[in-house]
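Remarks on the structure that follows.
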Ligand code: GLN
């Protein structure tokens, strides 16, 4: 069959859940037996979000092939349960970098390089690459931002041209808008949607489907009004009220006519009946009254929860599968340095120190690791969280508070964490970390091997620093086991404390491989230890 394309644009405002909607539609199509892939087009000029502050952008989501991508790719992978690759996140920066490199090579044979056709051709080439590299039969393409943004124009123009290139039977446009509620009159207003569709039409794109997002239930008359003004079939205006639970969204989309409309328009017949049982079970489980595990997240970007999106989700997946509710206690690591937030740490049933960069708040994280070790509180350290665990034990063992990572103190007398040798001569910061999937061998009998139930694994990485091997023996004497190593034994991938219910840190990021119905083994191991503690307390 020809590759089918579904293009999603946003209208009125951003942050209305376009990414989650795309992910839910992806799942809908997968449930009907199709191979699906999802691509995000980001109009910003950065080559990737890897160099951006989490405050700007939220989490950087890392793929198997090491691409540093938008956090929406996390939603796509989790909802559809697929593995994406680097062509699935395109930015203006990447597109221009490629076109300019070609121009410098002389590939354009003296031509004048312009947005149309050179930039739009490069965008379209990257859209087509998705099916070629993933084997997807249906490719969903989400454009970041909203219609009307100047920087989004070349992307929208490329989408407009795609219909001509692949034909109307192989392409479909969905516009996701926001229907605001006016408190004074208690009314929902469709006018912004009408304006945004008009704007989209002026670019040459007529939406086939409108998803009208709103915080309030929308009556049929409003949908009909949108259909009339925006020239869309009545049944193709799909109201989507803000859901209470993230994982309810695919079920809510399934209840609409979306599945039928999409397949009809694309000339497809469902290959199988959707099986939503696992998702229904998930949502039932979320709604059920159950004991609460309080998990402290000790980080430096905690005021922006999006910065820890995958860690948050992975914690939830594991908690749910163990019949627990999770309550996150967000602790600012710099607060701990000033003696604040300690009571939250004391309240916690388990502690997670997620990844991070730079010196700010590091002493607070070290404090959290010490608290976990001394009080037998389950602890999971992710990347920086493992490094912090090592620094803490080294300080205790060597009786020297100057033990550190050279990231935070380049002249420390005990550099237990140090820059990886191949990072030393790098000058460029973008895309140069140790990124993506690498293998790791587990020590049998360790908590890590127990949790995974096998002895060799592959996990996603994003770091520049590593454990310094000259300290292995010393820390082993202090009760640390290096239970995960690279196959050449050179790089410490997992460290754990022997005489502790669960204190384990990973140099990689297990959170990226957790799925709603397949929680990650290490998060599961961590939460099992939390649950054991809860049980022994009650
Ligand atoms: N800053 C640390 C490093 O580069 C940890 C990175 C991370 O937590 N992702 O090694």
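In our numbering, the protein residues as written are 34 to 571.
The C-beta atom is built at its ideal place from N, Cα and C for all residues, glycine as well.
Residue span of the beta strand (DSSP E) that contains residue i, given as start and end
i	result
residue 538	536-539
residue 37	37-43
residue 471	467-475
residue 175	171-176
residue 243	242-247
residue 451	448-452
residue 271	270-274
residue 514	513-518
Range of the contiguous alpha helix (DSSP H) that encloses residue i
i	result
residue 109	105-113
residue 505	505-510
residue 340	No alpha helix (DSSP H) contains residue 340, which DSSP labels as neither H nor E.
residue 229	224-236
residue 309	Careful: residue 309 lies outside any alpha helix (DSSP H) and carries neither H nor E.
residue 63	51-64
residue 554	554-570
residue 262	253-263
residue 283	282-288
residue 292	291-298
Residue i beta carbon near the ligand GLN (any heavy atom closer than 8 Å)
i	result
residue 417	yes
residue 466	yes
residue 90	no
residue 396	no
residue 99	no
residue 193	no
residue 499	yes
residue 390	yes
residue 393	no
residue 457	no
residue 495	yes
residue 440	yes
residue 420	yes
residue 447	no
residue 542	yes
Reduced DSSP category for residue i - H, G, I as helix; E, B as strand; rest coil
i	result
residue 186	helix
residue 70	strand
residue 410	coil
residue 491	strand
residue 141	coil
residue 354	helix
residue 530	strand
residue 165	helix
residue 220	strand
residue 326	strand
residue 463	coil
residue 77	coil
residue 152	helix
residue 550	coil
residue 99	coil
residue 432	coil
residue 502	helix
residue 93	coil
residue 203	helix
residue 320	helix
residue 124	strand
Spatial neighbours of residue i in its chain, beta-carbon cut-off 6 Å, leaving aside the 5 residues before and after
i	result
residue 39	173 and 205
residue 268	290
residue 35	203
residue 164	36 and 172
residue 311	550
residue 167	70
residue 52	105 and 108
residue 344	387 and 544
Chain-order list of residues whose beta-carbon lies under 7 Å from that of residue i (same chain, five-residue window excluded)
i	result
residue 393	333 and 367
residue 441	392 and 395
residue 83	93, 101, 463 and 464
residue 136	146
Own chain residues within Cβ distance below 8 Å of residue i, not counting five before or after
i	result
residue 486	554
residue 370	394, 396, 397 and 400
residue 195	38, 40, 157, 160 and 204
Does the region 511-527 come close enough to the region 109-121 to have 3 or more Cβ pairs within less than 8 Å?
Touching, no, given that fewer than three Cβ pairs across the two stretches are closer than 8 Å.
Is the region 533-540 close to the region 404-424, with three or more CB pairs under 8 Å?
Three or more beta-carbon pairs separated by less than 8 Å link the region 533-540 to the region 404-424, which places the two stretches in contact.
Would you call the region 278-295 and the region 187-200 in contact, with 3 or more CB pairs under 8 Å?
As far as the Cβ criterion goes, the region 278-295 does not touch the region 187-200, which means the pair count is below three.
Measuring CB atoms only, is the region 207-219 touching the region 237-248, in the sense that at least three cross pairs come out at less than 8 Å?
Contact holds: three or more Cβ-Cβ distances are below 8 Å.
Can we say the region 71-78 touches the region 124-132, given the rule of at least three CB pairs closer than 8 Å?
Counting Cβ pairs under 8 Å, three or more are found: they touch.
Meets three-Cβ-pair contact criterion under 8 Å: the region 296-305 and the region 342-362:
Cβ pair count under 8 Å is below three, so no.
Counting Cβ pairs, one atom from each stretch, are 3 or more of them under 8 Å apart for the region 465-475 and the region 87-97?
They touch, by the three-pair rule.
Decide if the region 320-338 is in contact with the region 82-96; the criterion is three or more beta carbon pairs, one per stretch, under 8 Å apart.
They touch, by the three-pair rule.
contact_flag[the region 444-454, the region 426-435] where n(CB pairs < 8 Å) is 3 or more
With a cut-off of 8 Å, the region 426-435 and the region 444-454 count as touching, because enough Cβ pairs lie within range.
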